[in-house]
Amino acid sequence: MLAYTALAALALGLRVSAQSIPAVASAEELALVGAQFANSGFNLTTNAGFGLDLDAKALLTVVYGFGAVENGQEYSVEQVTNAPEIYVTPAQDTAAWFNSSSRYTLTLADASALGDPDSEGNYRHFLANSETGAAASGNNLTFSPQDGTVITSYAAPGPLAGSGTHRYAWLLFAQPENFSAPSGLSTAGTAPSHWSVSSYVEQTGLQLVAASFFTVQPNGNPTGSVATTEAVNTATLAVSSASSTGSASHSDSKSGAHSSTSSGAQPSATGGSGNGAASLSASVAAGLLGVAGVVVAAL
Ligand SMILES: *[C@@H]1O[C@H](CO)[C@@H](O)[C@H](O)[C@H]1NC(C)=O
Ligand SMILES: *[C@@H]1O[C@H](CO)[C@@H](O)[C@H](O)[C@H]1NC(C)=O
Ligand SMILES: *[C@@H]1O[C@H](CO)[C@@H](O)[C@H](O)[C@H]1NC(C)=O
Ligand SMILES: *[C@@H]1O[C@H](CO)[C@@H](O)[C@H](O)[C@H]1NC(C)=O
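Going by our numbering, the first residue of the sequence shown is number 151, and it counts up by one from there.
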């Protein structure tokens, strides 16, 4: 079954159709994404992660040119060069979290390689505040966050050779009513740089409500430590050869040699193309595989 699902995803994965964006989340899917988030080490503290637990209120679907991100999966630098489209899918009983007065902060952050934290902190690849969007009604609750203020435009992941396989997470936060952007991170055009996701969250009172995460290996010959406990479904790695859109404009390294080049783009709210019903089951399968893989590796 697992092999079949992976093969189906391979066969359909080159072109993504609208259906890979789910209509409604189940409690099981929300619990699974929270477990995967922890298993990938994103809840670890002191730069090893973001120091946050994910009690997911929605699925976050991140659609790059190749299709939708499967949590824990590895992608190439080329595959994540351009800003993705973002979709939020609550469950029926969490839909109230996503209402017309809700405001969201959306970020893409790098937690470096598992087991090899960057001493300078997490790295900010995208940040937008005060986006809007409410759960749609009927059988399909999915919506895209829109508008808001883009503080840091999308800067593509591009880990420096030798720095290991980096972990990236798109994080969607619900903003409190009294949200106020911290000084230094309050104006559009702020360059990508090191930061601490947990300090930012503490300062602003944000609540993490959804996440999507993946890994990117440096181009060239990686000589850094590659985590053995990464939640990656190697069965679908071949899909990564599907698209190649040029080289990354941005490097991540342990030594702070981050280029501040960014694309000026922001994730777009419309125009999803999706991968068929196989994608959701494939990503659930990938998740289970990842969770199982971590359990084995941790023994
Ligand atoms: C649900 O709605 C979203 C946003 O309009 C759409 O992209 C997606 O294809 C829909 N999903 C299903 C399964 O109908
Ligand atoms: C991360 O989550 C796991 C699983 O829920 C938990 O066992 C662990 O204590 C958490 N770590 C931190 C630092 O919160
Ligand atoms: C709207 O959503 C926010 C979180 O995004 C929540 O704090 C608030 O209670 C919700 N309002 C209603 C009326 O449910
Ligand atoms: C926002 O309100 C909460 C209580 O609802 C309070 O604890 C917090 O200090 C306030 N934050 C700011 C920046 O005023």
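We treat Cβ as the ideally placed atom computed from N, Cα and C, and that holds for glycine.
Just so you know, the alpha carbons of V183 and S333 end up roughly 32 angstroms apart. By the neighbour-count definition (other C-beta atoms within 10 Å, threshold 16), S190 is a buried residue. Counting other Cβ atoms within 10 Å of its Cβ, Q353 stays below 16 and is therefore classed as exposed. Counting other Cβ atoms within 10 Å of its Cβ, P326 stays below 16 and is therefore classed as exposed.
Between the region 292-304 and the region 236-245 there are three or more inter-stretch CB-CB distances shorter than 8 angstroms, so the stretches are counted as touching. If you draw a 10 Å sphere on the C-beta of T195, you find fewer than 16 other C-beta atoms in it, and that means exposed. The beta carbon of V174 lies closer than 6 angstroms to those of L291 in the same chain, with the five residues before and after it left out. Under the 10 Å beta carbon count, D297 is surrounded by fewer than 16 other beta carbons and is classified as exposed. In the DSSP assignment, Y350 falls within the alpha helix (DSSP H) that extends over V347 to T354.
When secondary structure is reduced to three states using DSSP, V359 falls in the strand class.
As computed with DSSP, A241 is found in a beta bridge with A175. For F293, the CB stays at least 8 angstroms from every heavy atom of ligand 3. For P172, the shortest separation between its Cβ and any heavy atom of ligand 1 lies below 8 angstroms. With a 10 Å radius around the Cβ and a threshold of 16 neighbouring Cβ atoms, Q223 comes out buried. Counting every other CB atom within 10 Å of its CB across the protein chains shown gives Q242 a total below 16, marking it as exposed.
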